[in-house]
Amino acid sequence: MTGMALRDILIHPDPRLKKVTSPVTDIGPELERLADDMLETMYNAPGIGLAAPQVGVMTRMLVMDCIKSEEGAPRPMVLINPRVTWVSDEMNTYEEGCLSIPEQYADVERPAEVKVSWTGLDGAEQSEHFSGLWATCVQHEIDHLDGKLFIDYLRPLKRQMITRKMVKLKRERARERA
Ligand code: K1U
Ligand code: ZN
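Each residue of the sequence shown is one higher than the one before, counting from 1336 in this note's numbering.
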């Protein structure tokens, strides 16, 4: 058994970030390895969430941990085939970021609270009521599984501006690697 590995995070624009992912049908060692690698990649970034398509795996799994380091023990969560089963009428605006859209932030309005059901790595069904940053994060990550990015909530002009910056960033990074 080898240790966890960092995976490369895809940067927008990438066609894989625009696709709807397929449900997980088989929970086994390969999926466990992917979950471990995604958690390691998320903590290393650093980030508070990561969805499988962001590392090029087109399957419905996400990881998250919204505990701030000063708040105490980490709470790594792995959600397989997550479904939002209830949303609050109350909305909340949060300045979101995305590891696939580095250094770009914008206000996004979403339901303030959500109830989510999912399958755990042990195969057991789970559900939880999320509020605050956890609610924002889980909705952002489930959007990734449906090929949606936070910039899709912005005005077209702002979205285009961010996309152009990302094209430039990718070009610069490719040049640095050559
Ligand atoms: O999905 C992702 O790209 C991860 C993203 C999650 C997210 C952030 C903000 C609102 C909703 C969802 C990030 O983790 S961006 C990085 C970030 O927010 C952060 C990084 C270090 C400390 C605290 C936050
Ligand atoms: Zn994201």
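Where is the CB? At the ideal position from N, CA and C, for every residue including glycine.
Taking one C-beta from the stretch 1362-1377 and one from the stretch 1392-1409 each time, how about it: are there three or more such pairs within less than 8 Å? Touching, per the Cβ criterion.
Provide the residue(s) that pair with Asn1416 in DSSP beta bridges, ordered along the chain. Looking at the DSSP assignment, Asn1416 forms no beta bridge with any residue, so it has no partner.
**Report entry** Sufficient close CB pairs (3 or more, under 8 Å) joining the stretch 1350-1370 to the stretch 1492-1504
**Finding:** Under the Cβ criterion (8 Å, minimum of three pairs), the stretch 1350-1370 does not count as touching the stretch 1492-1504.
Going by beta-carbon coordinates alone, are Thr1394 and Val1422 separated by less than 7 Å? No.
Point to revise | Cβ-Cβ distance between Glu1431 and Val1443 below 7 Å | key: Cβ distance < 7 Å, so Glu1431 and Val1443 count as in contact.
| Anyone know if the C-beta pair for Glu1438 and Ser1466 falls short of 7 Å? | It is not a contact, given that the beta carbons lie outside the stated cut-off.
### Task
Kindly give me the distance between the Cβ atoms of Pro1446 and Met1426, rounded to whole angstroms, as I take these residues to be in contact under 8 Å.
Rounded, the Cβ-Cβ distance is 6 Å, consistent with contact.
>> Between Cys1472 and the ligand K1U, is there a pair consisting of the residue's CB and a ligand heavy atom that are separated by less than 6 Å?
In response: Yes, since a heavy atom of the ligand K1U falls inside the 6 Å radius drawn around the Cβ of Cys1472.
**Request:** With a 10 Å radius around its C-beta and 16 neighbouring C-beta atoms as the bar for buried, classify Gly1391 as buried or exposed.
**Result:** Result: exposed.
Which residues in the same chain have their Cβ closer than 8 Å to the Cβ of Tyr1440, if we skip the five residues on either side of it in sequence? For Tyr1440, where only same-chain residues beyond five positions count, the Cβ hits under 8 Å are Glu1430, Glu1431 and Gly1432.
Using a 10 Å radius around the Cβ and a threshold of 16 neighbouring Cβ atoms, would you call Glu1507 buried or exposed?
Counting the other Cβ atoms within 10 Å of the Cβ of Glu1507 gives fewer than 16, which makes it exposed.
If Thr1420 sits next to Ser1462, beta carbons under 8 Å apart, how far is it from one beta carbon to the other, in whole angstroms?
With 8 Å as the limit, Thr1420 and Ser1462 qualify as a contact, their Cβ atoms being about 7 Å apart.
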